[in-house]
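A.B. asks:
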Amino acid sequence: MNGAIKIFLDNPIIGTGLNSFSFVYTFYQEKPGYFSINPHNYYLQLLAETGITGFTVFLVFILSIIYLSFKAFKNSEDIFKGIALGLLISIISSLIHISLDIDWTVVAIPVLFWLQVGILMSIYREVNFVDTRFEKNPITDKFDYVKKPTLLLISLSLFSIPLLNLLSLNMYTKSVLTDNLNLSEKYIRYAIFLSPYPSAKHHLRYAEVLYDKKELQESLKIISKALKLDKFSYHIYKKYAEILVSLDLKNKDNALEMLKKAVELNPYAHPRLYSDVGDFYIQYFKDINKGIEWYKKGLEKFPIEQIFKYEAYTPGDRYELYNIYKKLYQYDKKNRNDYKSKMDFILKTQLKENSLYNNSTITETIKTYWELVNKGEDEKNTYY
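In numbering that gives the first Met the number 0, the protein residues as written are 0 to 383.
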């Protein structure tokens, strides 16, 4: 909730855009692991994403619905009065509960909500003698020629947008799963074409395919489009940096800035973002001290003492921390004993048996590592 409030205060007029909270929140995240794609308060989410402008429109609309629903209850009789009361209580309950949870992110709940609103409006029209039929009016004779096609267009949109999104997702999945680069490119182009809205994720995948095909200039163009669509995704920044240095090593300064920007916008996403910057300094600038500095920055943001608090949300962080300590063991020889003890701690301690992520691949890999140590494998050769 605090993140949503901060986003709103930084973007008070029009917000950051609908459905953008999960992308923008990473910049406002204050501790590792505790990431959420929504603030568990729809009103705060609406303020963050649409600002005071969108929130005001929504509030007026909702208050109008409540007012008309109350009139439907008040003016109806017999069985309609009971139905109207039940529906009124239901929609008010939903409007209260979305301030506490993520109800409306589950598609069935808002569909049910608006269905109930529709029934209440029908009762309101019935009891207030408002005709709902499409009848020609001598004064507004031309209105039907606009009204019917508009309603038809809205209906088609409500049906076609989810369908196109599903087809696009299917093509995207095929692109990821196939090993044939030509087929993969074909599928991802279809996915982009079918998507009812521009998708940074689709363009990132397209850039990755082109990069694997060694079409670097075209890959650079596509990754630039992806970055315009989502300026917070660290995946995009990393691929952008990779493409830049592959094109020309003279681009290494710009590539490094891309990796640093990913860290700036996602300070608590994952330890590997800091590791990526450190690796880049060592690999392309031969600057071990800078590399060590960035490894340690990652450890500051992701303290090993608190790993049990956040690894349930991001179980891969345990393995990423292990890799950072492994690199520090290699490059910072003065503190090797400390790094080795931290590595041992990471390997020995495990998630609780009832953890949701206990059977994850990463955790199982770490368990396998430690089993090898217990069987008498040479620890130094195995890990270092």
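Note that CB positions come from ideal geometry on N, CA and C, so glycine has one too.
1) Compare the Cα-Cα distances from Gln282 to each of Glu310, Val110, Ile306 and Leu248 and report the closest residue.
2) What does a CB cutoff of less than 7 Å around Thr395 pick up in its chain, not counting 5 residues either side in sequence?
3) How is Val105 classed by DSSP in three states: helix, strand or coil?
4) Taking the alpha-carbon positions, what's the Lys213 to Ile323 distance?
5) Would the stretch 72–82 count as touching the stretch 14–29 if we require 3 or more Cβ pairs under 8 Å?
6) Within the continuous alpha helix (DSSP H) that includes Ser89, where are the two ends?
7) Under the rule that 16 or more other beta-carbon atoms within 10 Å means buried, what is Leu265, buried or exposed?
8) When you compare the stretch 42–62 with the stretch 269–289, are there three or more beta-carbon pairs, one atom per stretch, that lie closer than 8 Å?
9) Can you check which of these residues, His201, Val116, Lys289 and Pro197, is closest to Glu184 by C-alpha distance?
10) Using 8 Å for Cβ pairs, my map puts Asp229 next to Ala268. What's the rounded Cβ distance?
11) For Pro270 and Ala254, what's the separation of their Cα atoms in angstroms?
12) Between Val208 and Ile222, is the Cβ-Cβ spacing less than 8 Å?
13) Check whether the Cβ atoms of Ile90 and Ser68 sit closer than 8 Å, and answer yes or no.
14) Need the endpoints of the alpha helix (DSSP H) that Gly16 sits in, please.
15) Going by Cα to Cα distance, which pick from Tyr280, Pro197 and Lys237 is closest to Tyr210?
16) Could you tell me the alpha carbon to alpha carbon distance between Gly81 and Thr149, rounded to whole angstroms?
17) Check Gln28 in the structure and name its three-state DSSP category.
18) Count the other CB atoms within 10 Å of the CB of Ala261; is the residue buried (16 or more) or exposed (fewer)?
19) Give a single yes or no on whether Phe72 has its beta carbon closer than 7 Å to a heavy atom of the ligand NAP.
20) What's the C-alpha gap between Gly2 and Tyr27?
21) Since Gln163 and Leu193 should fall inside the 8 Å C-beta cutoff, what is the C-beta to C-beta distance between them, to a whole number of angstroms?
22) Should Glu217 go down as buried or exposed, given a rule of 16 or more other Cβ atoms within 10 Å for buried?
23) By the three-class DSSP mapping on this structure, what secondary structure does Asn334 have?
24) For Asn179, count neighbouring Cβ atoms within 10 angstroms of its own Cβ and tell me buried if that reaches 16, exposed if not.
25) Leaving out five residues on either side along the sequence, give the residues of the same chain with a beta carbon under 6 Å from the beta carbon of Thr49.
26) Would you identify the three-state DSSP class for Ile6, choosing helix, strand or coil?
27) Between the beta-carbon of Glu319 and the beta-carbon of Ser274, is there less than 8 Å?
28) Whose CA, out of Met170, Leu219, Asp252 and Gln305, lies closest to the CA of Tyr239?
29) Counting C-beta neighbours from all protein chains within 10 Å, is the total for Asn10 16 or more, i.e. buried, or is it exposed?
C.D. replies: In short, the structure shows the following:
1) Leu248
2) Residue 395 lies beyond the stretch modelled for the chain, which goes from 0 to 383, so this question has no answer here.
3) coil
4) 30 Å
5) no
6) Ile78 to His96
7) Inspection of the sequence shows that residue 265 is occupied by Asn rather than by Leu. It is buried - the Cβ of Asn265 has at least 16 other Cβ atoms within 10 Å.
8) no
9) His201
10) Asp229 to Ala268, Cβ: 14 Å. No contact.
11) 19 Å
12) no
13) yes
14) Where Gly16 is concerned, there is no enclosing alpha helix (DSSP H), given that its DSSP letter is neither H nor E.
15) Lys237
16) 34 Å
17) coil
18) buried
19) No copy of the ligand NAP occurs in the structure displayed, which carries no ligand at all.
20) 6 Å
21) It is worth fixing the name first, because residue 163 is Leu in this sequence and not Gln. Yes, Leu163 and Leu193 are in contact; Cβ-Cβ is about 5 Å, under 8 Å.
22) exposed
23) helix
24) exposed
25) Gly14
26) helix
27) yes
28) Leu219
29) buried
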